[in-house]
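Novice:
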Amino acid sequence: MKEQELVSIIVSVYNIVGYLPKCLETIAEQSYKNLEIILVDDGSTDGSETICDNFAKSDSRASVIHQQNIGLWATRNAGKMMAKGDYLMFVDGDDYLHLDAIKIMIEAFHHYPQSDLVFVDCTKTISLNEDIETKKSYNTSILSQGQLIHKLFVYGDRTGPRPSVWNKLYRRELLEGIWNNNYPRTQDLDFNIRIFFRVSCATWIHCELYFWVKRPVSLTNQSNYWKIAYPCTVKTFFINYINLPVEKKQYGHYLLKKLYRRMIFYKNKFYKTDQQDRVFRECYEYEKATRKDYWLNLRINPLEKIGVTILLHSPRLTRWLMKKTKNL
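Okay, so the sequence shown: first residue is 36 according to my numbering, each after it adds one.
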């Protein structure tokens with residue numbers, strides 16, 4: 036296979052000294068060699084920064100950006116700004132790849148040139164010793180924009196495209212003008228919502244080629260994760276609905292349904308806390324701006340509208356139902 040297309044791999048790094056070598060090893064040893072490897076160190080202090088510098092010295096394809104600790108969204112933007120590849124992939128520095136991952140995704144672009152992005156399945160693991168060498172057999176599916184969006188909102192992170200950015204290879208032109216927003220959580224979801232509304236079609240490779248390492252101290256495992264994530268997810272759905280292009284309004288119900296359901300949990304999370312008044316006012320403004328569209332949207336079941344609205348305005352009932360459900 037000709038390797039004329041350059042693939043830029045943007046690796047986000049922050050205090051992952053025990054995991055970063057494995058990530059970089061699997062990138063360096065990819066069977067597809069025409070790579071640009073951009074390491075973005077977000078102010079590491081545990082030695083990860085030194086690993087980045089040493090790797091760049093040992094591999095001419097690699098370069099390093101050191102920045103003050105700003106956040107994951109900023110590392111990805113910094114890498115994207117520097118990238119020169121025909122295709123871009125974002126990799127978290129505590130994860131790793133099958134050695135044929137890039138090759139298989141590039142081949143998919145060759146076989147299905149109409150695709151704007153290719154994504155693969157992932158393995159969730161706590162191990163750094165998953166099989167990265169055995170040749171993989173796999174099937175592929177072509178998803179239209181409508182199918183892609185449906186799977187993102189209906190299935191979330193359980194199957195299909197996932198809201199994450201790290202299991203995808205994007206055509207460069209698909210990302211033009213789109214940057215990661217400054218969210219402390221759920222920036223992947225926000226980024227991909229905006230990307231998916233641009234996609235004509237995508238290729239899904241039914242093969243686990245990305246290894247998602249679940250660290251005890253990762254962002255998603257922090258005890259306050261949802262306390263920070265709820266305001267981000269609610270804002271994500273609201274902003275993306277408000278900014279939804281007219282020609283994409285047929286997808287508005289997905290955003291509205293997620294917005295209203297997330298507001299229920301958001302209000303419940305802060306019910307009877309010192310943040311209750313602020314959160315309730317925030318949700319009131321979101322609801323006020325979308326209430327008419329929500330109730331007039333024919334793609335949302337009327338009974339669902341009634342039930343969701345009751346729960347949205349009855350945090351006490353929501354907590355009781357959640358407790359009962361948990362007990363069952």
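Heads up, the beta-carbon is just placed ideally off N, CA and C, and yes, glycines get one too.
1) Just to confirm before moving on: does the CB-CB distance between Ile72 and Asp94 stay below 8 Å?
2) With distances taken from CA atoms, which of Tyr301, Leu152, Ile105 is nearest Ala415?
3) Between which two residues does the beta strand (DSSP E) carrying Ile73 extend?
4) Looking only at its chain, what residues have a beta carbon closer than 8 Å to the beta carbon of Asn9, apart from the 5 residues adjacent to it on each side?
5) Could you please give the first and the last residue of the uninterrupted alpha helix (DSSP H) stretch that includes Phe90?
6) Distance, Cα to Cα, Arg206 vs Thr85?
7) Mapping the DSSP letters down to three states, classify Thr158 as helix, strand or coil.
8) Quick check on the DSSP output: the beta strand (DSSP E) that includes Trp201 runs from which residue to which?
9) Just to confirm the assignment, what range does the alpha helix (DSSP H) spanning Val343 have?
10) Between which two residues does the beta strand (DSSP E) harbouring Thr175 extend?
11) Within the same chain, show all residues whose beta-carbon is closer than 8 Å to that of Thr158, passing over the 5 residues directly before and after it, in chain order.
12) From Asn104, Trp201, Lys138, pick the residue whose C-alpha is nearest to that of Asp130; which is it?
13) Thr80 lies in the beta strand (DSSP E); which residues open and close that run?
14) Please list, in chain order, all residues of the same chain as Leu363 whose beta carbon is under 6 Å from its beta carbon, the five residues on each side excluded.
15) Does the Cβ of Ala136 have 16 or more other Cβ atoms within 10 Å, making it buried, or fewer, making it exposed?
16) Using the Cα positions of Thr160 and Ile51, report the straight-line distance between them to the nearest angstrom.
17) On a CA-only basis, which of Trp330, Tyr218, Tyr265 is nearest Trp108? Give me that one, please.
18) Give every residue of the same chain whose Cβ lies closer than 7 Å to the Cβ of Cys87, excluding the five residues on either side of it in the sequence, and list them in chain order.
19) What do you get for Gln285, buried or exposed, if any count of 16 or more other CB atoms within 10 angstroms of its CB means buried?
20) Alpha carbon to alpha carbon, what distance is there between Ala118 and Asn215?
21) From this set, Leu134, Arg297, Glu282, His185, which residue's C-alpha is nearest Val269's C-alpha?
22) Near Tyr173, which residues of its chain fall below 8 Å by C-beta distance, leaving aside the five closest residues on each side in sequence?
23) Does Thr169 come out as helix, strand or coil in the three-state DSSP assignment?
24) From the DSSP output, read off the bridge partner residues of Ala97.
25) Strictly by DSSP, which residues pair up with Cys236?
26) So, with DSSP's three-state summary, where would you put Ser355?
27) On the DSSP bridge list, what partners appear for Met124?
28) According to DSSP, is Trp214 part of a helix, a strand, or is it coil?
29) Drop a sphere of 10 angstroms on the beta-carbon of Ile44, count the other beta-carbons inside from all chains shown, and report buried for 16 or more, exposed for fewer.
30) Please go through the same chain and pick out, in chain order, the residues whose beta-carbon is closer than 8 Å to the beta-carbon of Leu352, but skip the five residues on each side of it.
Specialist: Looking at the atomic coordinates:
1) On the sequence shown, position 37 is the one that residue 72 refers to. On the sequence shown, position 59 is the one that residue 94 refers to. Cβ distance < 8 Å, so Ile72 and Asp94 count as in contact.
2) Any property of residue 415 remains undetermined from this structure, which presents the chain solely from 36 to 363.
3) Position 38 of the sequence shown, counted from the start, is the residue given in the question as residue 73. It spans 70-76 - the beta strand (DSSP E) in which Ile73 sits, taken as one unbroken run.
4) The structure shown has nothing for residue 9, since the chain only spans 36 to 363.
5) Mapped onto the sequence shown, residue 90 falls at position 55. For Phe90, the uninterrupted alpha helix (DSSP H) segment begins and ends at 83-93.
6) What you label residue 206 is simply residue 171 of the sequence shown in a count that begins at 1. What you label residue 85 is simply residue 50 of the sequence shown in a count that begins at 1. About 31 Å.
7) Reading the sequence shown from its first residue, position 123 is the one you call residue 158. Thr158 falls in the strand class under three-state DSSP.
8) Here the question's residue 201 lines up with position 166 in the sequence shown. No residue range can be given for Trp201, since it is assigned to no beta strand (DSSP E) and is classified by DSSP as neither H nor E.
9) By one-based count along the sequence shown, residue 343 stands at place 308. Counting along the chain, the unbroken alpha helix (DSSP H) around Val343 starts and ends at 337-347.
10) Taking the sequence shown and counting its residues from 1, one reaches residue 175 at position 140. Taken as a continuous stretch (DSSP letters only), the beta strand (DSSP E) holding Thr175 covers 174-179.
11) Translated into the one-based positions of the sequence shown, residue 158 becomes position 123. Once the five neighbours on either side are set aside, the close Cβ partners of Thr158 are Glu165, Glu243, Tyr245, Phe246, Trp247.
12) Numbered from its first residue, the sequence shown carries residue 130 at position 95. For the set Asn104, Trp201, Lys138, the Cα lying nearest the Cα of Asp130 is the one of Trp201.
13) Mapped onto the sequence shown, residue 80 falls at position 45. If you look at Thr80, you'll find it isn't in any beta strand (DSSP E); DSSP assigns it neither H nor E.
14) Taking the first residue of the sequence shown as position 1, residue 363 is located at position 328. Any reading at Leu363 must be qualified, since the residue scores a pLDDT of 39, below 50, and its modelled position is unreliable; the value itself is stated next. Correct list: empty, nothing qualifies.
15) One-based indexing of the sequence shown puts residue 136 at position 101. Ala136 should be labelled buried.
16) As a working note, residue 160 is residue 125 in the sequence shown. As a working note, residue 51 is residue 16 in the sequence shown. Those two C-alpha atoms are separated by around 16 Å.
17) As a first step, residue 108 must be located in the sequence shown, where it is residue number 73. Residue Tyr218 is the option with its Cα nearest to Trp108.
18) Walking along the sequence shown from the start, residue 87 turns up at place 52. Sequence-distant partners of Cys87 (beyond 5 residues in either direction) whose C-beta falls short of 7 Å from its own C-beta, in its chain, are Val48, Leu74, Asp76, Val99.
19) Walking along the sequence shown from the start, residue 285 turns up at place 250. By the 10 Å Cβ count, Gln285 comes out exposed.
20) The residue given as residue 215 occupies position 180 in the sequence shown. The residue given as residue 118 occupies position 83 in the sequence shown. Each residue's alpha carbon lies about 15 Å from the other.
21) Start at 1 with the first residue of the sequence shown, and residue 269 comes out as number 234. Comparing alpha-carbon positions, the option among Leu134, Arg297, Glu282, His185 lying closest to Val269 turns out to be Arg297.
22) In the sequence shown, counting from the first residue as 1, residue 173 sits at position 138. Once the five neighbours on either side are set aside, the close Cβ partners of Tyr173 are Ile139, Ile240, His241, Cys242.
23) What you label residue 169 is simply residue 134 of the sequence shown in a count that begins at 1. In the structure shown, Thr169 sits in coil (DSSP, three-state: anything other than H, G, I, E or B).
24) One-based indexing of the sequence shown puts residue 97 at position 62. The bridge partners DSSP lists for Ala97 are Ile72.
25) By 1-based counting over the sequence shown, the position of residue 236 is 201. Per DSSP, Ser179.
26) Residue 355 sits at position 320 when you count from the first residue of the sequence shown. First, the amino acid is wrong: residue 355 is Trp here, not Ser. Helix.
27) As a working note, residue 124 is residue 89 in the sequence shown. Ile44, per the DSSP bridge assignment.
28) Here residue 214 refers to the residue found at position 179 when the sequence shown is read from its first residue. Coil at Trp214, not helix or strand.
29) Within the sequence shown, the letter at position 9 stands for residue 44. Classification of Ile44: buried, given that the 10 Å Cβ count is 16 or more.
30) Taking the sequence shown and counting its residues from 1, the one referred to as residue 352 is at position 317. Taking Leu352 as the centre and dropping the five residues before and after it, the same chain places the C-beta of Ile345, Leu346 closer than 8 Å to its C-beta, in chain order.
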